[in-house]
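Chains A and G, in that order, are what the protein sequence lines are.
Here numbering that gives the first Met the number 0 is used: the first residue of the first sequence is 0, the next is one more, and so on.
Here numbering that gives the first Met the number 0 is used: the first residue of the second sequence is 0, the next is one more, and so on.
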Amino acid sequence: MNYNWNWGILFEEPYFDWLVSGVEWTLFVSAVAWIIAFSLGSIVGVARTVDSVPIRAVATAYVELFRNIPLIVQMFLWFYVVPEMVPDDWGRWMKRDMPFPEATSAIFCLGTYTASRVAEQVRAGIESIPVGQRAAGLAMGLTTVQVYRYLLVPVGYRIIVPPLTSEFLTIFKNSSLALTIGVAELLYQARQIENYTFQGFEAFTSVTLIYLVLTMIVVALMVSVEEKTKIPGYGIQKDK
Amino acid sequence: MIKKIIAAAAALAVFGAANAGAADFYGTLKKIKDSGTIVVGHRESSVPFAYIGPDNKPIGYSIDLCMKIVDAVAKEVGVDKLNVKLVPVTPQTRIPLIANGNINIECGSTTNNLTRQKQVDYALTTFITGTKILAKKTSGIKEVEDLAGKAIALAQGTTNERAIKNAIKDLGIKDVKILSVKDHAEGFLALETDRVDAYSTDHILLFGLISKAKKPADYEVVGRFVSFDPYALMLPRDDSAMRLVANRTLAGLFRSGEILDIYNKWFMKPIPGGKALNVPAGDTLETNFAVQAFPK
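Structure (structure tokens):
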């Protein structure tokens, strides 16, 4: 390999600033997308467990549509195709006047895609609760809404903290696909540093480490969430 | 006894000579000889330099030149037919792929500049162009200054991206929205769908994009040259033996004038999958060929 190493380049201006701004965009896109994914995913997930057949059908259709199309294809659809399908005025607004068109499209794409995955976890969590508990709740005179509000949702969510951690991590990693529609996130900045300096290996190594650190922080955060929310005596117990 | 010694010496001499012959190859040529394979990197939407033709194979001006070099390499390492492996590259991947040895030569539309020469090497200049702007006729853009308040798409990792960004900074052009796209095809898609008012890349590629557009009459190439871009085939760095084979081939084409036939095939006549670009070689390029037609 013929390569001239230069690690110092990462700390030179403006490359250091680019990396910092890349981290900011990655965090912003992932965090907002996660809020969408978590709220929408919760609604869809709960909807997949209710008795009403039409509501279940709509929720199932949503999940199957969004999780079965490759994420990168969805990025292109949101960015290039959706503005062409809506009325011209809206399309023009989406293409020109919407704040940060690239980032907004990416956030919606990432949010709705991850929502379909979160929905599946939520459904799994709720369905893992023995059916007798639901029956018991109803027998005590709780309404269906109350059964969900006080019983199924609180217990179900506690069970799915570990798989939700994975989804939360994945959204950070998937946010790198936003570069394909021009969002200046972390990986984009690494490429840009490479384009300007041709020190690609240094740039990509640093970005690898930054992603690793970000995801480790998320893991630590979610472990503490898991600790705080666990129900003593319920679910899988750690060996004492 | 003496006969035996002479025979042994002769055998040793022959063996030694054969050994010395093999040892002449190093770096890329050695790798090609050992594997019997040359790995050619090519672009996919650089019309007419290297693009995917109607039969899904990479074709173009640079590809033709590359194939001449591939033949010369085959002759150099003494193989009848080299196995040619085609690897698609993008503006972002082409330099690391050459630097880490994954591809042996890149055939596309790569500007030769000194920063890039820290990582890669180049063969002789095969084309000369510069950055210009492609705009919709209705946009009213006539010069780079007119970009004020408009949106322009730029391909990530191109010299044009930097040239336009620098021009915007140096000339103090206000309110320019920049959309970063992956490649020329996507940049043109953004322009076609009205997401941006202009796209910018090397002026010759802009003609290529227009020739493949749905409504070529809607677009025009405007303004002065914002940068100067000599194209060359990219080669691994610190490998003058490989570069010599490439340059000997190119100088031969320049000397014999065959280069103009290849040029006209791609720039003056209708090309597969599109119309003729009708861009004559012109004085600059013809002088470039003449100057680089080094004697044997």
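Every residue gets a Cβ at the ideal spot worked out from N, C-alpha and C, and that includes glycine.
Given the structure is predicted, the values throughout are model-derived calculations rather than measurements.
Identification of chain G residues near F197 (chain A) by a Cβ-Cβ cut-off of 7 Å yields I94, T114, R115, K117 and Q118, ordered along the chain.
With the rule of 3 Cβ pairs closer than 8 Å, the region 121-135 of chain A does not count as touching the region 182-199 of chain A. The three-state reading of DSSP puts F126 (chain G) in strand, counting E and B together.
For a Cβ distance threshold of 9 Å, residue set L178, T179, I180 and G181 of chain A lies close to K181 (chain G), ordered along the chain. In this structure P53 (chain G) is exposed. Its beta-carbon is surrounded by fewer than 16 other beta-carbon atoms within 10 angstroms. Chain G has no Cβ within less than 7 Å of the Cβ of K229 (chain A). With 16 or more other Cβ atoms from the protein chains shown falling within 10 Å of its own Cβ, L9 (chain A) counts as buried. Residues of the region 186-215 of chain A with a C-beta atom less than 9 Å from some C-beta of chain G are Y187, R190, Q191, E193, N194, Y195, T196, F197, Q198, G199, F200 and F203, listed in chain order. The region 129-136 of chain G makes contact with the region 212-225 of chain G: 3 or more CB pairs, one atom from each, lie closer than 8 Å. Between V38 (chain G) and the set G:D79, G:K74, G:I104 and G:F288, the nearest pair of CA atoms involves G:I104. A residue is called buried once 16 or more other Cβ atoms fall within 10 Å of its Cβ, and T142 (chain A), having fewer, is exposed.
Among the CB atoms of chain G, one or more fall inside 7 Å of the CB of N3 (chain A). Under DSSP, the beta-bridge partners assigned to C106 (chain G) are G:H41.
The residue among A:V146, A:L178 and A:T169 with its C-alpha nearest the C-alpha of D50 (chain A) is A:V146. Between S104 (chain A) and F78 (chain A) the beta-carbon gap is near 4 Å, inside 8 Å, which marks them as a contact. Secondary-structure assignment with DSSP links K135 (chain G) through a beta bridge to G:Y218.
Residues of chain G with a Cβ closer than 8 Å to the Cβ of E83 (chain A) are, in chain order, T192. CA-to-CA, the gap between W33 (chain A) and F167 (chain A) works out to about 7 Å. Neighbours of Q291 (chain G) in chain A, taken as residues at a C-beta separation under 8 Å, are lacking, since the least C-beta distance is about 24 Å. The CB of A150 (chain G) comes closer than 9 Å to the CB of K94 and R95 in chain A, given here in chain order. Within chain A, no residue has its CB atom less than 7 Å from the CB of A166 (chain G), the nearest being about 16 Å off. Contact between the region 192-202 of chain G and the region 76-96 of chain A is present: 3 or more CB-CB pairs across the two stretches fall below 8 Å.
For M233 (chain G), the beta-bridge partners assigned by DSSP are G:E105 and G:Y121.
Sorting G:Y121, G:N159 and G:A73 by C-alpha distance to the C-alpha of I203 (chain G) places G:N159 at the top. If you ignore the 5 residues before and after D169 (chain G), its C-beta comes within less than 8 Å of no other C-beta in its own chain. Residue environment: R148 (chain A) is assigned as exposed (fewer than 16 neighbouring CB atoms within 10 Å of its CB, all protein chains considered).
Rounded to the nearest angstrom, the Cβ distance from G77 (chain G) to V225 (chain G) is 47 Å, too far for a contact under 8 Å.
Along the region 76-110 of chain G, the positions whose C-beta sits under 7 Å from a C-beta of chain A are Q91, I94, P95, A98, N99 and G100, read in chain order. Within chain A, R190 and N194 have C-beta atoms less than 7 Å from the C-beta of G156 (chain G), given in sequence order. T109 (chain G) and Y230 (chain G) do touch by the CB rule: their CB atoms are close to 6 Å apart, below 8 Å.
One thing to note: A138 (chain A) has its Cβ no nearer than 7 Å to the Cβ of V43 (chain A).
Counting only runs of at least 3 residues, the region 149-176 of chain G fully encloses the following beta strand (DSSP E) elements, listed from N- to C-terminal order: 150-154.
Three or more beta-carbon pairs separated by less than 8 Å are not found between the region 253-269 of chain G and the region 142-153 of chain G, which leaves the two stretches without contact. Classified as buried, M233 (chain G) has 16 or more neighbouring CB atoms from the shown chains inside 10 Å of its CB. Within chain G, the residues whose beta carbon sits less than 7 Å from that of Y79 (chain A) are L188 and T192, listed in sequence order.
The C-beta of L28 (chain G) comes no closer than 7 Å to any C-beta of chain A.
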